[in-house]
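These protein sequences, in sequence, are chains F and H. For the first sequence, the UniProt record's numbering begins at 1 and goes up steadily by one. For the second sequence, the UniProt record's numbering begins at 1 and goes up steadily by one. Positions of the beta carbon are idealized from the N, C-alpha and C atoms, including for glycine. Quick caveat: nothing in here was measured; it's all calculated off a predicted structure. Below is one structure, written out as structure tokens; the observations come after it.
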Amino acid sequence: MTEHHDSGTGPPDEYVEAEIHRLLAEDPAVAEQGISVVWTERGLVLYGEVESAHRRAEILRRVSERFPDVPVSTDIGVIRAQAPTDVEQLP
Amino acid sequence: MVIRIAAVGDVHMDEDVVGRFRPALDELPQHAEALLLAGDLTRHGTESEARCVAREFGGLGVPVVTVLGNHEYQCDQVPRVVKVLEDAGITVLEGDGVVLECTGGRLGIAGVKGFGGGFAGRCASDFGEPEMKAFVKTTTESADALGAALRGLDCDLLVALTHYSPVPDTLAGEPLEIYPFLGSYQLGQAIDSAPTALALHGHAHHGSERGTTPGGVRVRNVAHPVIKQAYSVFELGDQVD
């Protein structure tokens, strides 16, 4: 559930959240559909996983540009790409 | 009869990640006889991104078979993307299948991208506005093509490959509200219409790995953010150990 966040004279939080979700998917510099947006006491936190540190930085840059008055941070990981260590048997 | 296959989806290749998978892929022939890719190979579906896929997943020493994902449709360059992949020796399935001769027998793989619509009791219906009818028709046609492809393959072990999910089980972790955009029961129905041994899909980054169709077919979500490794390996057939 979205926490209500006092963003002063800006749009209600729900609309900001919706706009950010659409920006993450529709902005060609981002094109991510797997990022969650969560309001906390510290502001907006973006969660999820991406394929590179560059993409993570780009997400933060684009969201901060679009919403300069909203404090934004990320807890986005870069997905590991090591070889598997086990095999799932499916008899 | 035992066949080992590797699978991953949602690798979203572009120049910035070329080479990340390659060390693990270079040892893939030691673990599996084929690699299946469950769509969303690229970020925007451009020809240049497809070339990144070809560099990363081409020339592995084992057959590579893929379906496309929704990201491959973003820039309307699907034919060019398919050509780049096929030129790299990657088999692209959409409503058809392929049979691979493996040491443990003939592996049949049928694939479609699939589409959304939702699951039993909570799904879209072919009713009302033309836009809604078109949405449901897209899924129905995709599921029908998958079912026909599965039933048409002459093989020892049968695998279904889709991008969208055929069951809700492997979506656990995603918001319930977006399930209708992540898969459709019609894909599961198609999979259950044939003696399918395993169904693989991607698309649901926050989903979970394991599920089963109502007909008892094992389903695995191999989206890269879910499996958190370069690929998963599955051993199909009658193990002796």
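The beta carbon of residue 43 of chain F sits closer than 7 Å to the beta carbons of 70, 71, 72, 73 from its chain, once the five residues preceding and following it are set aside; these are given in chain order.
If you keep only unbroken beta strand (DSSP E) runs of at least 3 residues inside the stretch 78-159 of chain H, you get 90-92, 96-102, 105-112.
When DSSP states are grouped into helix, strand and coil, residue 209 of chain H belongs to the coil group. Within the DSSP secondary-structure output, residue 13 of chain H pairs in a beta bridge with H:42. Interface residue (Cβ-Cβ distance to chain H less than 8 Å): residue 21 of chain F is not classified as such. Per the coordinates, the alpha-carbon of residue 161 of chain H lies some 10 Å from the alpha-carbon of residue 191 of chain H. Of the candidates H:63, H:4, H:53, H:53 places its Cα closest to the Cα of residue 14 of chain H. When rounded, the separation of the alpha-carbon atoms in residue 198 of chain H and residue 218 of chain H is 5 Å. If you look at residue 192 of chain H, you'll find it in the alpha helix (DSSP H) that goes 185-192. Counting every other CB atom within 10 Å of its CB across the protein chains shown gives residue 51 of chain F a total of 16 or more, marking it as buried. Residue-level contact check: residue 232 of chain H touches chain F, since one or more beta carbons of chain F fall below 8 Å from its beta carbon.
The shortest CA-to-CA distance from residue 59 of chain H to any of H:37, H:25, H:71 is the one to H:25. Within the stretch 39-55 of chain H, 43, 44 place their CB atoms closer than 8 Å to a CB of chain F, listed in sequence order. Within the stretch 36-50 of chain F, the residues whose Cβ lies closer than 9 Å to some Cβ of chain H are 36, 48, 49, 50, listed in chain order. For residue 73 of chain F, not one C-beta of chain H is nearer than 8 Å to its own C-beta.
For residue 48 of chain H, the uninterrupted alpha helix (DSSP H) run begins and ends at 47-57, by DSSP. For residue 226 of chain H, the number of other beta carbons within 10 angstroms of its own is at least 16, and it is reported as buried. For residue 17 of chain F, the uninterrupted alpha helix (DSSP H) run begins and ends at 13-26, by DSSP.
A contact is defined here as three or more CB-CB pairs under 8 Å, and the stretch 127-135 of chain H fails this definition with respect to the stretch 159-177 of chain H.
In the structure shown, residue 64 of chain F adopts helical secondary structure according to DSSP, grouped into three states. Under the Cβ criterion of 8 Å, residue 61 of chain F is not counted among the residues facing chain H. Assignment of residue 220 of chain H by DSSP, reduced to helix, strand and coil, places it in the strand class.
The residue from H:119, H:118, H:96 with its alpha-carbon nearest to that of residue 108 of chain H is H:96.
Excluding sequence positions up to five before and after residue 159 of chain H, its CB lies within less than 8 Å of the CB of 5, 36, 107, 108, 109, 110, 196, 197, 198, 199, 200, 236, all in the same chain and listed in chain order.
Beta-bridge pairing by DSSP links residue 4 of chain H to H:235. A straight-line Cα-Cα distance of about 18 Å links residue 46 of chain F and residue 204 of chain H.
Between residue 91 of chain F and residue 238 of chain H, the C-beta spacing is below 8 Å. In the DSSP annotation of this structure, the continuous segment of the alpha helix (DSSP H) that includes residue 26 of chain H starts and ends at 22-26. Counting C-beta pairs with one atom in each stretch, the stretch 179-191 of chain H and the stretch 61-70 of chain F have fewer than three that are closer than 8 Å, which means they do not touch.
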